[in-house]
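Undergrad: This note's numbering puts the first residue of the sequence shown at 21, with every later residue one more than the last. Once you've had a glance at the structure underneath, I'll fire off some questions.
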Amino acid sequence: MRSVIKEQDLKKINASTLKVLREYADNVNEFGIYSLSKTFEDELLWAYYADSHRGFCLEYELDELMEYRMRDELVIPVDYQEKMPCITDIDLLDFFESKKMAGNLNRKMIGTKSLRWKHEDEVR
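Structure follows, in structure tokens:
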């Protein structure tokens with residue numbers, strides 16, 4: 021069965037996809053991502069993130085953080101799923117065309133984790 025897409029067109033599509041993903045990674049590196057948990061009592065969190073139970077916890081009021089967040093700062097509750105979501109062409113095009121329309125890509129890329137991590141109850 022022959023492909024409807026010519027090989028040279030496929031190379032252009034792949035190059036465009038890589039360009040968008042690189043730009044996305046550059047944005048993440050420039051702005052960063054922080055993860056907050058809605059609980060401080062989970063012993064596994066202390067083991068993973070608090071220097072083997074020797075760290076400390078800073079408590080924030082999520083409502084206040086959301087009220088005073090920076091202009092384009094996103095707040096994304098993490099969605100825990102059995103299967104990781106598929107990044108579609110539309111997600112990539114939305115990101116490439118308008119940063120404000122990149123919500124789906126952000127939710128999928130930084131707002132999704134494996135169901136095994138549900139106990140962390142995160143917001144990013």
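Here a beta-carbon is modelled for each residue, glycine too, at the ideal position from N, C-alpha and C. All of these numbers come straight from a predicted model, not from anything done at the bench.
Among residues of its own chain, excluding the 5 on either side of Lys137, which ones have a beta-carbon nearer than 7 Å to its beta-carbon?
TA: Residue identity differs from the one stated: residue 137 is Trp in this sequence, not Lys. The residues are Tyr100.
Undergrad: Contact check, Arg144 vs Ile96 under 8 Å by CB: the rounded distance?
TA: About 5 Å; that satisfies the 8 Å criterion.
Undergrad: Let me confirm a value: Asn126 is counted as buried when at least 16 other C-beta atoms fall within 10 Å, else exposed. Which label applies?
TA: The residue is buried, with at least 16 neighbouring Cβ atoms inside 10 Å.
Undergrad: Going straight from the alpha carbon of Leu113 to that of Leu65, what length do you get?
TA: Spanning the two alpha carbons is a distance of roughly 36 Å.
Undergrad: For Glu142, which beta-bridge partners are listed by DSSP?
TA: Note: Glu142 sits in a beta bridge opposite Ser57.
Undergrad: Tell me, please, which residues DSSP counts as bridged to Ser72.
TA: BP columns for Ser72 are empty, so no partner.
Undergrad: Compare the C-alpha of Glu93 against each of Asn47, Thr37, Asn34 and Lys39 and name the closest.
TA: With distances taken between Cα atoms, Glu93 lies closest to Asn47.
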